[in-house]
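See below for the structure under consideration.
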Amino acid sequence: MKEYEISACVKVFTQEELDSADAELIEAAKQATETSYSPYSHFQVGAALRMESGEIIIGSNQENASYPVACCAERTALFWAGANRKDEVVKAIAIAAKSKGEFTSGVTGPCGICRQALIEVEHRQKRPIRLLLYSRDGIHVTSSVGCIVPFSFYSENMM
Ligand SMILES: [Zn+2]
Numbered sequence: 470m471k472e473y474e475i476s477a478c479v480k481v482f483t484q485e486e487l488d489s490a491d492a493e494l495i496e497a498a499k500q501a502t503e504t505s506y507s508p509y510s511h512f513q514v515g516a517a518l519r520m521e522s523g524e525i526i527i528g529s530n531q532e533n534a535s536y537p538v539a540c541c542a543e544r545t546a547l548f549w550a551g552a553n554r555k556d557e558v559v560k561a562i563a564i565a566a567k568s569k570g571e572f573t574s575g576v577t578g579p580c581g582i583c584r585q586a587l588i589e590v591e592h593r594q595k596r597p598i599r600l601l602l603y604s605r606d607g608i609h610v611t612s613s614v615g616c617i618v619p620f621s622f623y624s625e626n627m628m
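The numbering of the sequence shown is the numbering used here, which starts it at 470 and goes up by one.
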């Protein structure tokens, strides 16, 4: 038998420790929670992408009475970018979430479906997507989405 560990390097910053670009991206994710349509979960999520051009693209969760129809904030932003900024590199994504009107504490990471969507973009563009997770306790940052998606599934796995 062999055994190995998988680990991820996560840095936790205070708001004051962020550089101005990251602070702006976090603020955009926080603001994006305001456009959430979440009458069922009352869980407002905002995502903000930093594109290579410097542009920020936001997304928020969009729910539906038929629950599976809903789309998470991360994919709302990512798919908008894919449709409108084709082949442009996504450098970073910031995510913020509110529960009962308050930003969450602790780490609120992307769901499994969004991780899969993000890892495919990262893999396709051959450039890491930095991940910034806002919480009241600090901003948790990884240098790549791949850090939180071990054993990632790619199209090459089907060959
Ligand atoms: Zn999701």
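Where a beta carbon is used, it is the ideal one built from N, C-alpha and C, also for glycine.
Subject >> G578 beta carbon less than 9 angstroms from that of L547 >> reply: Here L547 is not near G578, since their CB atoms are 9 angstroms or more apart.
**OP:** Tell me, please, which residues DSSP counts as bridged to T611.
**Re:** Its beta-bridge partners are L600.
**OP:** For the alpha helix (DSSP H) containing Q513, list its first residue and its last residue.
**Re:** Q513 -> not in any alpha helix (DSSP H); beta strand (DSSP E) instead, spanning F512 to M520.
**OP:** Return the chain-ordered ranges of every alpha helix (DSSP H) run that is complete within the region 494 to 571 and spans a minimum of 4 residues.
**Re:** Runs found: 542 to 553.
**OP:** Please confirm if the region 613 to 623 is in contact with the region 503 to 518, defined as three or more CB-CB distances below 8 angstroms between the two stretches.
**Re:** Cβ pair count under 8 angstroms is below three, so no.
Original post:
Where does V701 sit, in a helix, a strand or coil, going by DSSP?
Top reply: Summary: the structure shown does not reach residue 701, with the chain confined to residues 470 through 628, and so no result is reported for it.
Original post:
For the region 570 to 589 against the region 527 to 546, are there 3 or more C-beta pairs whose distance is under 8 angstroms?
Top reply: Look at the beta carbons and you see the region 570 to 589 touching the region 527 to 546: at least three pairs across the two are nearer than 8 angstroms.
Original post:
Around the C-beta of T502, are 16 or more other C-beta atoms found within 10 angstroms, so that it is buried, or is it exposed?
Top reply: T502 should be labelled buried.
Subject >> Beta-carbon proximity check, Q531 vs V558, cutoff 9 angstroms >> reply: No.
Original post:
Which value, in whole angstroms, describes the spacing of the CA atoms of E474 and I617?
Top reply: Between E474 and I617, the C-alpha separation is close to 13 angstroms.
Subject >> Segment limits, alpha helix (DSSP H) that includes E591 >> reply: G581 to Q594 is the span of the alpha helix (DSSP H), which, as asked, contains E591.
Subject >> N533 to S505 span [Cα, whole Å] >> reply: The alpha-carbon atoms of N533 and S505 are separated by roughly 12 angstroms.
Original post:
How about K499 and T611: are their beta carbons less than 9 angstroms apart?
Top reply: Annotated as distal: K499 and T611, with beta-carbon spacing of 9 angstroms or more.
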